[in-house]
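Residues in the sequence shown are numbered consecutively from 409, following full-length UniProt numbering.
All residues carry an ideal CB built from backbone N, CA and C; glycine is no exception.
Below is one structure, written out as structure tokens, with a few remarks after it.
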Amino acid sequence: AAKAAGRSCHQFFEERMSEKIQLRRSLELDMRRAISRDELEVHYQPKVDAKTGAFTGAEALVRWNHHERGQLSPALFVPLAEELGLINAIGAWVLARACTDASSWPAHMSVAVNLSPVQIMDRRLVRTLRQILKETGFPPQRLELEITETALLGNDVQALATLTEIRALGVKISLDDFGTGYSSLSYLHRFPIDRIKIDRSFVARTPSDAGSASIIQAIARLGASLGIKVTAEGIETESQRDFSSAEGCNELQGYLISRPVPHHQLEALFAKARSEAA
Ligand code: C2E
Ligand code: MG
Ligand code: MG
Ligand code: MG
Numbered sequence: 409a410a411k412a413a414g415r416s417c418h419q420f421f422e423e424r425m426s427e428k429i430q431l432r433r434s435l436e437l438d439m440r441r442a443i444s445r446d447e448l449e450v451h452y453q454p455k456v457d458a459k460t461g462a463f464t465g466a467e468a469l470v471r472w473n474h475h476e477r478g479q480l481s482p483a484l485f486v487p488l489a490e491e492l493g494l495i496n497a498i499g500a501w502v503l504a505r506a507c508t509d510a511s512s513w514p515a516h517m518s519v520a521v522n523l524s525p526v527q528i529m530d531r532r533l534v535r536t537l538r539q540i541l542k543e544t545g546f547p548p549q550r551l552e553l554e555i556t557e558t559a560l561l562g563n564d565v566q567a568l569a570t571l572t573e574i575r576a577l578g579v580k581i582s583l584d585d586f587g588t589g590y591s592s593l594s595y596l597h598r599f600p601i602d603r604i605k606i607d608r609s610f611v612a613r614t615p616s617d618a619g620s621a622s623i624i625q626a627i628a629r630l631g632a633s634l635g636i637k638v639t640a641e642g643i644e645t646e647s648q649r650d651f652s653s654a655e656g657c658n659e660l661q662g663y664l665i666s667r668p669v670p671h672h673q674l675e676a677l678f679a680k681a682r683s684e685a686a
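Here you go:
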């Protein structure tokens with residue numbers, strides 16, 4: 409019986425493997441055509457000022473509306489796009505879309521766009537960025553690029569040069585998923601970082617878990633003393649919101665405020681907030 413069970417388990421494993429390989433192959437072909445088929449879309453998750461609750465801008469999050477499979481998560485296809493060498497094209501498309509969309513937002517609002525480590529390594533990044541800013545006319549001061557610590561790992565010299573050039577354009581740099589990578593503290597000191605985004609895995613366990621609460625406290629204080637803005641991401645409950653804001657985080661983002669939404673819904677949220685404030 410043990411032998412039979414072992415065999416079926418093995419068989420199951422092989423089937424799962426080939427399913428995965430097949431999914432990748434078919435996605436690879438489709439991904440090469442996703443942009444020209446107009447299947448990519450950018451959703452936006454608003455961010456608010458922790459003190460006033462007013463909208464400060466939004467983060468752009470890419471979606472792929474696959475003609476057969478429906479909407480696919482970036483967690484699934486971004487790693488594949490990186491492997492296939494398609495992330496530079498997709499990333500440039502997202503950047504252009506975000507700068508175009510955000511041009512219609514109130515003038516004090518910023519847009520944050522995620523950059524893959526592969527894009528940071530690409531020597532054409534700064535040229536692409538400059539061209540997009542020129543074509544869309546979007547003010548660079550209102551653009552934030554989110555990078556992860558992984559992008560800096562083992563890639564110091566080129567990453568530093570690229571980030572310095574980006575900063576010189578007036579664009580801001582945020583360190584995303586902060587606290588989950590390595591050597592975070594030395595990065596804050598060595599790289600031109602304007603903002604830290606505390607990873608939602610810490611936020612999720614506050615305020616009840618003492619360890620996570622201390623981490624948020626420490627990051628908020630570190631940010632304040634280094635002159636780096638701090639955003640708490642993944643705020644899902646009122647007690648998480650109240651905790652992060654009381655500890656001095658500057659900005660909040662999460663399902664409690666809003667899920668990521670299509671651009672027309674974001675504009676409606678902004679318009680409603682403006683009419684309520686008036
Ligand atoms: P991220 O940059 O850390 O983005 C935040 C993710 O957390 C988003 O997932 C968002 O929907 C989710 N989130 C926000 N608030 C909450 C919350 O309160 N609770 C929970 N459980 N989740 C929350 P999404 O949109 O699936 O994106 C996943 C990741 O994919 C992003 O993580 C980012 O690393 C990557 N990504 C998304 N768009 C792009 C892109 O245009 N380019 C690149 N290179 N990566 C992207
Ligand atoms: Mg992000
Ligand atoms: Mg994040
Ligand atoms: Mg993340």
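What whole-angstrom Cβ distance do residue i and residue j have, given they're in contact under 8 Å?
i, j, result
"L448", "L488", "Not a contact, Cβ separation roughly 14 Å."
"D602", "E554", "In fact, because the Cβ distance is near 11 Å, the residues do not count as touching under 8 Å."
"L677", "P454", "6 Å"
"L568", "Y590", "Actually they do not touch by this definition, with Cβ atoms about 16 Å apart."
Relative to the C-alpha of residue i, which residue among the options is closest?
i, options, result
"G656", "I627, P548 and L583", "I627"
"H597", "L634, G465 and M517", "L634"
"A559", "Y595, R532 and P547", "Y595"
"K542", "F599, G578 and H418", "G578"
"S647", "T614, G662 and R629", "T614"
"G499", "E491, D446, D509 and V486", "V486"
"R532", "H516, Q479, L480 and T570", "T570"
"N658", "R433, L537, A640 and D607", "A640"
"L674", "S512, N496 and N473", "S512"
"L494", "D530, A466 and S652", "D530"
"V456", "S652, P670 and H671", "S652"
"S444", "R535, T464, Q539 and H475", "H475"
"E684", "R432, K459 and F463", "F463"
"T645", "E490, G662, K428 and A654", "G662"
"T460", "H672, P668, A654 and T544", "A654"
With a CB to CB cut of under 7 Å and the five nearest residues on each side skipped, what residues in its chain are close to residue i?
i, result
"A468", "V450, Y452, V502, A506, V519, A520 and V521"
"R649", "I643, L660 and L664"
"R441", "none"
"I623", "G587 and F610"
"P668", "H451, Y452, Q453 and L469"
"L492", "E436 and M439"
"L480", "W472 and H474"
"T544", "A504, C507, T508 and S511"
"E557", "L583, G589, Y590, S592 and Y595"
Per DSSP, which one or two residues make a beta bridge with residue i?
i, result
"V669", "Y452"
"R603", "S582 and K637"
"D457", "E659"
"S518", "G465"
"R682", "The partner list for R682 (beta bridge, DSSP) is empty, contrary to what the question assumes."
"H474", "G478"
"E554", "N522 and S582"
Can you name, in chain order, every residue of its own chain whose Cβ lies under 6 Å from the Cβ of residue i, other than the five neighbours on each side?
i, result
"G631", "I604 and V638"
"A510", "V519"
"V526", "E490 and I495"
"H550", "Looking at the sequence itself, residue 550 is Arg, so the reference to His does not match. For R550, where only same-chain residues beyond five positions count, the Cβ hits under 6 Å are S518."
Using only the alpha-carbon positions, how far apart do residue i and residue j sit?
i, j, result
"T588", "P548", "28 Å"
"Q419", "M439", "30 Å"
"I581", "P600", "7 Å"
"N496", "A466", "22 Å"
"I606", "L593", "13 Å"
"M517", "E552", "11 Å"
"K680", "L437", "42 Å"
"V470", "A618", "34 Å"
"S620", "R608", "10 Å"
"I574", "V534", "6 Å"
"T536", "E427", "37 Å"
"R629", "I636", "10 Å"
"G478", "L431", "14 Å"
"P670", "A515", "20 Å"
"A504", "S524", "15 Å"
"Q566", "M425", "37 Å"
"T508", "A458", "27 Å"
"S666", "D564", "36 Å"
"A686", "I540", "34 Å"
"R433", "D446", "20 Å"
"A576", "R538", "11 Å"
"A612", "E422", "36 Å"
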